[in-house]
Amino acid sequence: MTSALHDPDRHADALLALAARALRARDFTAAFMLSDRRCRLDPNAAALLLRSLASRRLGRMADADMDLRQASEADPTDADVNFEILRRGLSVDKTEAAWSIVRNPRAKEAARLAALAALGETGERIVADLHYDGARILGWAAWSGGPLSLTADSALGHVERALAPDPREPLARPLGAAARINIAAPLGESCAIRLRAQEREQEREATIHLVADGKSRAANARPSPVAPRAPAPSRTLTIVVPLYEDFAATKLCLRALYRECAADAELRVVLVDDASPNPAISRLAREHGERADTRLIVNERNLGYAASVNKALACCPDGDVVLLNADVYLTRGALRRLAQAAYSAPDIATAIPLTNNAEFASFPVPGASNPMPDVGRIDELDAIASDMFGASAVDIPSGVGFCLLVKAAARAQAPRFNLAYARGYFEDVDYCLRLAQAGWRHVVATGVFVGHEGSRSFKDKKRELALRNFTLLKSRFPDYPARLDAFVRADPLRPTRMAIEARLSYADPVVLLVAPAQRIDRLQDLTSRGLTQDGDRVLQISWEPSRHSEKMSVRDLSGAAPQSLEFEAGRNGSGSLAAFLQRLRVRKCIFVDPVVAPAAVLREFAGIDSPKDLLVTDPALGDPRRDAPALVVSESALAAAADAPTLCDDDPWPMALRRVDRVLIEDSMCLLSAAWALQSFPGARFASAAAPACARWVRKPKRRLRLGVLTPFASAETDSLVAGLARHSRDIALFSPIVLCGDSFNALALMASFTVHVTGAIAEEEWDRLIDLMDIGALVLANRSNGFGLLERLAVATSLPVAYFDWSGGVFSPASRMDEASRNLALDPMLGEAEACRAIDAWFRRELKPRLRC
44 MTSALHDPDR HADALLALAA RALRARDFTA AFMLSDRRCR LDPNAAALLL
94 RSLASRRLGR MADADMDLRQ ASEADPTDAD VNFEILRRGL SVDKTEAAWS
144 IVRNPRAKEA ARLAALAALG ETGERIVADL HYDGARILGW AAWSGGPLSL
194 TADSALGHVE RALAPDPREP LARPLGAAAR INIAAPLGES CAIRLRAQER
244 EQEREATIHL VADGKSRAAN ARPSPVAPRA PAPSRTLTIV VPLYEDFAAT
294 KLCLRALYRE CAADAELRVV LVDDASPNPA ISRLAREHGE RADTRLIVNE
344 RNLGYAASVN KALACCPDGD VVLLNADVYL TRGALRRLAQ AAYSAPDIAT
394 AIPLTNNAEF ASFPVPGASN PMPDVGRIDE LDAIASDMFG ASAVDIPSGV
444 GFCLLVKAAA RAQAPRFNLA YARGYFEDVD YCLRLAQAGW RHVVATGVFV
494 GHEGSRSFKD KKRELALRNF TLLKSRFPDY PARLDAFVRA DPLRPTRMAI
544 EARLSYADPV VLLVAPAQRI DRLQDLTSRG LTQDGDRVLQ ISWEPSRHSE
594 KMSVRDLSGA APQSLEFEAG RNGSGSLAAF LQRLRVRKCI FVDPVVAPAA
644 VLREFAGIDS PKDLLVTDPA LGDPRRDAPA LVVSESALAA AADAPTLCDD
694 DPWPMALRRV DRVLIEDSMC LLSAAWALQS FPGARFASAA APACARWVRK
744 PKRRLRLGVL TPFASAETDS LVAGLARHSR DIALFSPIVL CGDSFNALAL
794 MASFTVHVTG AIAEEEWDRL IDLMDIGALV LANRSNGFGL LERLAVATSL
844 PVAYFDWSGG VFSPASRMDE ASRNLALDPM LGEAEACRAI DAWFRRELKP
894 RLRC
């Protein structure tokens, strides 16, 4: 298993296996370290559960409960997670956790017994997990009282059986009686089951609605030829709208839909009231159902999306249809333009529009549930898309049912949705994949944009339903996840999003954050650092760290548009970054270490006259010992630039950095660099942009024998130093092991020495907790020019000795007391790697001696 730890394909699974082994061996710190790394790679339910168990054994109860909650959110169907929730009495919905165990066929017997006991405490007297394959009812039931009566009904028939308790069934213990069920019931594709039991003088009853599993025919279907010619679009277009919850969104949807009907006499509407629990929605449906162009279907009980759509499709057997969610806002003419895209090629089966919330078609962040813009912004987005792309279409792996146009010819080959997905999620994908197997294509109509609020129908049960149904989808179409991943990596809709963002209007004042791409991720919590104010809209403009980079990206840090914009540095005309910036209302610019910016990048900002802040994060800028440009601009150059209409090719600084208001430092190691900047801009004020300090906390006494190497971001410099420390420590078995706290470019190679453990990326609020849990006794900042602010905060919070490369000539002192400062190691930043490793080794050996005597 240890060899698998260093295999990229098996690393993640090996971490879980080794963490479980360490937990069984009661090595709780190792179990935490291994499961914690697994969580940082991909926080799935199993990894979060293991980390929760390890944290609990280490006495960190709040952390354990937080991980257990996150595990439940990651996979609400995981039986082990739900079992632990029941065991610990976590303040989440224990009833839902118990029912999830009951519905999970892979749940262990102990978990089912705990679930039955929990449900019994809530008053449940009949609990069952039943499945229907179209011919038989299978599963188990547990109950209180006498014999259990099972009745199954469908349009095709009736089945009734009496079930006697099985005294050998282990599931009988919590409620008193239980039995396994295997009953012949050829009742078609769905049936309703009633279970009745007599308890003392009171009859108990439970009702279950089942559909056939339906896992066979579609996966083996053979493609059928598609019509060679594209028929003309059908003039009659039927819009099917299932209704359930969210009155405000439903009202807005129907208002926009009937506005389209008023302008197009060929539109027909079928509303399906799926037993809505909201009387206002049912009343609204009845009002519209009286219209001549509308048919209303009312379900007696909630059937879910697929069954409701099937009932509606049966009412309109011919013609094109649009399946429309009741939380979609239609823009003017969207339905007909959607049809034009669908009929742009004969082999297109379905078309969906661009929107803010629809997987592939999401804007501005693809695959995300972006908030729905206001109606005016949606109309603007649609006008831009329509003007730029017309009836153009981009292929996607499958359609999405929020606003899905299905052509009549495609409907003829797939007339119904699969009911195996029960109440909802992925039945639309299943439908489209069946059509794809028959040779059809699915597209996004890039010239149409609509608003989509996003599903609120299932609330907290959404993730559980989605996970369960995605498992079913993968069993029917095993190649779909790989096709989906390939589409996401290729991102063929990125040019579309870029083009729309370039045309959008941006009326709100903005703050520009201009920085190398590598340093952007380190600038968290801009408001808490004093860089921005609450409510500021911040546009991040970044470039690759190479001085010869030509591409610059623009991204709104709030998640709004733009998210995909890219520009070529030095390009002139309307498509340039400079032209884009002139359209903005720039309140302020924040330049991060602008001395490292390519000249072509700085020239883009020459026309902006807003106030500017300089944030210094590199303590070596201007230091004569390092080959780095000095942050100095002469006063004469600034004065000359103030009146110059053009910029000299070899000096872009003056025009870009007019009106420098503040020079800020990220940490006190940058004081000397800030002094250089203040000399260049005498009118600027000095300020600190350090992150908020950590609270000082008391650590439990323990033998802390590990060396923690801090790396706030992946760095080749840090990797090299850690590898050197690992080679040095292999002979003396001193560090046992070195903990690389943060990310690495080559984690597996470092971990192959069995002397280094790499945690993975660490969030700002996690540092002190991890240092405590991993038994770290001293800290080293391996990066020679960054991360000093983090070191300062942790040195004060933990009282641990620290080692670092000192550019300040002794001014920098990361400690809150003199006795703590005397234990620190300040290294010459010009020291070679081998010498630095020897110095750190001798220092840590000295710090370690008192603990080895304990």
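Position one of the sequence shown corresponds to residue 44 (my numbering), numbered consecutively onward. Cβ coordinates follow ideal geometry from the N, Cα and C atoms, glycine included.
Taking the straight line between their C-alpha atoms, what separation do you get for residue i and residue j?
i: Y348; j: R466; result: 6 Å
i: A680; j: F724; result: Confidence in A680 is poor, its pLDDT being 35 and thus under 50, which makes the residue's placement unreliable; the coordinate value appears in the next sentence. Cα-Cα distance, rounded: 12 Å.
i: E618; j: A382; result: Inspection of the sequence shows that residue 618 is occupied by Gly rather than by Glu. Cα-Cα distance, rounded: 32 Å.
i: P407; j: F788; result: 30 Å
i: A428; j: E611; result: 23 Å
i: R598; j: W586; result: 12 Å
i: A795; j: L48; result: 8 Å
i: R260; j: A228; result: The predicted position of R260 is uncertain, since its pLDDT is 30 and thus under 50; no value can be drawn from it.
i: S98; j: A107; result: 5 Å
i: T761; j: V443; result: 45 Å
i: R881; j: Y847; result: 14 Å
i: D528; j: I128; result: 33 Å
i: P42; j: L346; result: Here the chain comprises residues numbered 44 to 897, so residue 42 is not present and cannot be evaluated.
i: Q576; j: F623; result: 24 Å
i: L58; j: A184; result: 38 Å
Quick check on residue i: does DSSP put it in helix, strand or coil?
i: S143; result: helix
i: Q606; result: coil
i: V638; result: helix
i: G347; result: coil
i: T72; result: helix
i: R260; result: Its pLDDT being 30, under 50, R260 is placed unreliably in this model, and the value from its coordinates should be taken loosely. Reduced to three states, the DSSP call for R260 is helix.
i: A612; result: coil
i: R334; result: coil
i: L218; result: coil
i: C234; result: strand
i: T120; result: coil
i: L868; result: strand
i: T689; result: The pLDDT assigned to T689 is 37, lower than 50, so where the model puts this residue is not dependable; a value taken from the coordinates is nonetheless given after this. Coil, per DSSP.
i: R702; result: coil
i: P857; result: coil
i: I883; result: helix
i: A550; result: coil
i: A730; result: strand
Only counting the same chain, and skipping five residues up and downstream in sequence, which positions put a Cβ closer than 7 Å to that of residue i?
i: L286; result: T293, L314, V315, D316, D317, S319, I324, A328 and A369
i: P844; result: A821, R866, N867 and E890
i: E507; result: P119, T120 and S143
i: A160; result: P217
i: W886; result: A846 and L868
i: V487; result: I395, L397, F403, A404, A436, V437, I439 and L536
Excluding the five sequence neighbours on either side, which residues of its own chain have a C-beta within less than 6 Å of the C-beta of residue i, listed in chain order?
i: T194; result: E203 and R237
i: G200; result: L230
i: N342; result: D317 and A318
i: E835; result: D710 and P857
i: L181; result: H174 and N225
Going by DSSP, name the residue or residues bridged to residue i.
i: S405; result: T398
i: W483; result: For W483, which the question treats as bridged, DSSP gives no partner whatsoever.
i: V365; result: I282 and L448
i: L658; result: V635 and L707
i: N225; result: L181
i: L750; result: I781 and A821
i: M595; result: W586 and F610
i: H495; result: V371
i: L314; result: V284 and L339
i: P559; result: W586
i: I391; result: R484
In chain order, what residues of the same chain have a beta carbon less than 8 Å from the beta carbon of residue i, not counting five sequence neighbours either side?
i: R739; result: With a pLDDT of only 45 at R739, under 50, the local geometry of the prediction cannot be trusted, and no value is derived from it.
i: S851; result: P662, S711, M712, L714 and L715
i: R103; result: R812 and L816
i: R728; result: D704, R705 and V706
>> Suppose only complete runs of 3+ residues qualify. What are the beta strand (DSSP E) ranges in the region 132 to 213, listed by chain order?
In response: For the region 132 to 213, whole beta strand (DSSP E) runs of length 3 or above, ordered along the chain, are 169 to 175, 179 to 186, 191 to 197 and 200 to 206.
> Which runs of the beta strand (DSSP E) fall wholly inside the region 441 to 473 and span at least 3 residues, in chain order?
Replying inline: Whole beta strand (DSSP E) segments, 3+ residues: 446 to 449.
> Along the chain, which unbroken stretches of the beta strand (DSSP E) at least 3 residues long are found entirely within the region 776 to 850?
Replying inline: Here the runs fully enclosed are 781 to 785, 799 to 801, 819 to 824 and 845 to 848.
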